[in-house]
């Protein structure tokens, strides 16, 4: 179920893999995406499984309607009063909260799931960083929002994503992204223009004063992770973070 997890004090962070769920076929088996054509009953069951393993109630796990944009939503206690696990989730590509016992989840299948927290405070966040999010400096927005809520030093983990040698793009696109994230400029293993999204995101976070680490795993190369570039029709795995009180 978990490709990676870390528990440090009250902070529990995980990255799921594709095993241990209820979905079938291209979505086998722990697909968390409800927008990819999977059976909604299976997706709901998978999300409840992850919530249980994270130690939160099913209605306290928060997803997004991700659109490859730059919108961040601040989740308050009022946003979490709806106890329906099928409630509507916000259209956004980043979430931030100070609420305890709430698991923030970002879904991916090649983009970067970024999990952030501020040690010693109650502020946590997640971000969905693909090429558009990197170009739009979504991480700048997230870090600014966390600091507005009282975060001091911030730490971030970049979960598995497609690697630079596997991510071919047109040269013009490479230049456009590198203009705001120069570390992303790369060449693929075939000698064609490419983007190294994790390197670009690490560069942006470093300039923002965030201590960041990368989980060095390529989604296109690892069969236990969903990859849109590799498979086309496929599921979504997740990165999640929760702050417990006990």
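Residue numbers (UniProt numbering): 1 to 246.
From the three backbone atoms N, C-alpha and C, an ideal C-beta is built for every residue, glycine too.
Beta-carbon to beta-carbon, residue 58 and residue 73 are separated by about 20 angstroms, too far to satisfy the 8 angstroms threshold. For residue 188, no alpha helix (DSSP H) run applies, since DSSP gives it neither H nor E. Between residue 119 and residue 245, the C-beta spacing is not below 8 angstroms.
For the options 133, 230, 2, the alpha carbon positioned closest to that of residue 168 is the one of 230. Taking the Cα positions, residue 144 is about 11 angstroms away from residue 154.
Ranking 123, 10, 240 by CA distance to the CA of residue 151 puts 123 first. Beta-bridge annotation (DSSP): residue 75 is paired with 97.
Going by C-alpha positions, residue 201 is about 8 angstroms away from residue 129.
Closest in alpha carbon position to residue 225, among 208, 186, 243, 161, is 161. Each of 206, 217, 30 was checked against the Cα of residue 183, and the nearest Cα belongs to 206.
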